[in-house]
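As structure tokens, the structure follows; a few thoughts come after it.
In our numbering, the protein residues as written are 1 to 115.
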């Protein structure tokens, strides 16, 4: 028997995990520069350089075990607790309007419409 097809005529099969396509560049949520795999850190679905992942209040470098997040901002645990305790709620302590103020505005608007 004569095998007319040789191994060089067969289609080359490549591993499915190997791709020549360039991967999409990920940008740091803090500095907006390219994040490479060795320095990549993901917290609350945001990608950071490990050196850019810092407390908003004191700028201390954070780790995945030492941070707390609120409204897309990241804090070290001591400052997160301190800011909460200073006003007794998450809104005022972190520089936002109190939620009860939003209710009073809505009540005033509905009160003027019905009166």
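Ideal placement from N, C-alpha and C gives every residue a C-beta, glycine not left out.
Q.
Let's test the definition: count the other Cβ atoms within 10 Å of the Cβ of residue 36 and tell me whether it reaches 16, buried, or not, exposed.
A. exposed
Q | One or two residues paired with residue 49 in a DSSP bridge | A | 40
(Q) Suppose the cutoff is 7 Å on Cβ atoms and the five residues either side in sequence are ignored; what does the same chain contact list for residue 79 look like? (A) 55, 57, 58
Q: Give the C-beta separation of residue 52 and residue 28 to the nearest angstrom, bearing in mind that I take them to be a contact with Cβ-Cβ under 8 Å.
A: 5 Å
Q | Helix, strand or coil at residue 116 according to DSSP, with G and I counted as helix | A | This structure gives no information on residue 116, because the portion of the chain shown stretches from 1 to 115.
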